[in-house]
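Structure first, then comments.
There are 2 protein chains.
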Amino acid sequence: MKLRKENSTNNINEIYWKENCGIAFTLSLIGGRWKINILSYLLAEKKLRYNELKSRLTGISERILVLKLKELEQDDLIKRIVHAQVPPKVEYELTELGQSFKEILILMDQWGETNLKKLF
Amino acid sequence: MKLRKENSTNNINEIYWKENCGIAFTLSLIGGRWKINILSYLLAEKKLRYNELKSRLTGISERILVLKLKELEQDDLIKRIVHAQVPPKVEYELTELGQSFKEILILMDQWGETNLKKLF
DNA sequence: TAAGGAACAAACAAAATAGTAAGTATGAAA
DNA sequence: TTTCATACTTACTATTTTGTTTGTTCCTTA
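Which chain is which? The protein sequence lines are C and B, in order. Every letter in the first sequence is one number past the one before it in my numbering, and letter 35, counting from 1, is 1105. Every letter in the second sequence is one number past the one before it in my numbering, and letter 80, counting from 1, is 1150.
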């Protein structure tokens, strides 16, 4: 899944900062275009199916959705619940760790909404 | 400075989310490998020269440092103070808007430090 | 007159992230 | 027996971000 070059400067820098700086560590888990959106939908709606997430995340491709869900699961921020059915039914929800982002997400949302308005 | 393709799906998605989601907007300003670190050093030390930032940001390249400082300045998060001297002296400090990130930075730092410890 | 410091700039290259399009598995319903 | 729905894979391509290297400017001091 990961194709990161073990010893690229980029990768070395990321590791260094993740281990030595709380903020960098935090950002490494929720950074990028989609992860916070996934988290905040799950925060608001508790439990969502794959397709429900897909339709809410306007513009996301299936590949990226699956990829981000996997990464979030590996980092123990979300939980994957598989129902043995046909057609398949898979639900996602936040773990306890995922829930602990709540405050940060709320603050980031407030900051964003406040400052977005200034631009329009 | 920007070489973004006006109508790549990637760019379209970013714009859509920036305009419609506070968190996405926030993240668009502080995301990436270095920006939050720059902000938090400036938050802690008030005012820093170019070289001082460079030496604190272990591993950063000059090109990226300059680029990120420019972006932060354009987004009005930091202020560039030029002293007319030779050799040059340029200082950076947070704007008021930059300062308003304080709470978020602190929370992200706390979250990170707490959860970093669990890994070691 | 040559070297030096601070803060960049420019050309190029590598790495990482995101997107596209087509295909797979499963069993039930038509 | 073919179609259908859901939740993905896979192979490939494009875009974006990050890093490397070398060079510039300007006055100052040796």
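Here a beta-carbon is modelled for each residue, glycine too, at the ideal position from N, C-alpha and C. The structure displayed is predicted, hence computed values, not measured ones.
Taking residue i as the reference, which of the options has the closest Cα?
| i | options | result |
| --- | --- | --- |
| Ser1210(B) | Leu1164(C), Lys1172(C), Tyr1162(C) and Trp1181(C) | Since the first and last residues shown for chain B are 1071 and 1190, residue 1210(B) lies out of range. |
| Trp1104(C) | Ala1094(B), Asn1107(B) and Leu1109(B) | Ala1094(B) |
| Glu1089(C) | Thr1128(B), Ser1078(B), Lys1124(B) and Asn1081(B) | Thr1128(B) |
| Asn1080(C) | Ile1130(B), Gly1092(B), Tyr1120(B) and Asn1077(B) | Ile1130(B) |
| Leu1099(B) | Val1160(B), Gln1144(B) and Pro1157(B) | Gln1144(B) |
| Asp1179(C) | Ile1134(C), Glu1163(C) and Ala1114(C) | Ala1114(C) |
| Glu1122(B) | Glu1141(B), Thr1184(B) and Lys1159(B) | Lys1159(B) |
| Thr1165(C) | Val1156(C), Arg1126(C), Leu1142(C) and Thr1184(C) | Leu1142(C) |
Can you name the residues of chain C whose CB is closer than 9 Å to the CB of residue i?
| i | result |
| --- | --- |
| Ile1174(B) | Ile1174, Leu1177, Met1178 and Trp1181 |
Where does residue i land, buried or exposed, given buried means 16+ other C-beta within 10 angstroms?
| i | result |
| --- | --- |
| Lys1188(C) | exposed |
| Tyr1086(B) | exposed |
| Thr1191(C) | The question about residue 1191(C) has no answer here: the residues shown for chain C are numbered 1071 through 1190. |
| Ala1154(B) | exposed |
| Ser1110(C) | buried |
| Lys1138(B) | buried |
| Asn1107(C) | buried |
| Ile1174(B) | buried |
| Leu1112(C) | buried |
| Leu1118(C) | buried |
By the criterion of Cβ-Cβ separation under 7 Å, what are the contact partners of residue i in chain C?
| i | result |
| --- | --- |
| Asn1083(B) | Arg1103 and Gly1129 |
Identify the contact partners of residue i in chain B, using a Cβ-Cβ distance below 7 Å as the criterion.
| i | result |
| --- | --- |
| Leu1186(C) | Gly1092 and Phe1095 |
| Tyr1086(C) | Thr1128 and Gly1129 |
Would the C-beta of residue i count as close to the ligand COA, meaning under 7 Å from any of its heavy atoms?
| i | result |
| --- | --- |
| Thr1096(C) | No copy of the ligand COA appears in this structure; indeed no ligand is present at all. |
Legend entry - Residues, ordered as in the chain, of the region 1095-1113 of chain B that lie near chain C by beta-carbon distance below 7 Å: Phe1095, Thr1096, Leu1097, Gly1101, Arg1103, Ile1106, Asn1107 and Ser1110
Inset, instruction - Could I get the ranges of all uninterrupted beta strand (DSSP E) runs contained in the region 1095-1182 of chain B, with 3 residues as the minimum, in chain order? - result: 1117-1119, 1148-1153 and 1159-1164
Inset, instruction - Quick one: which residues of the region 1140-1167 of chain C get their C-beta closer than 8 Å to a C-beta of chain B? List them in chain order. - result: Leu1167
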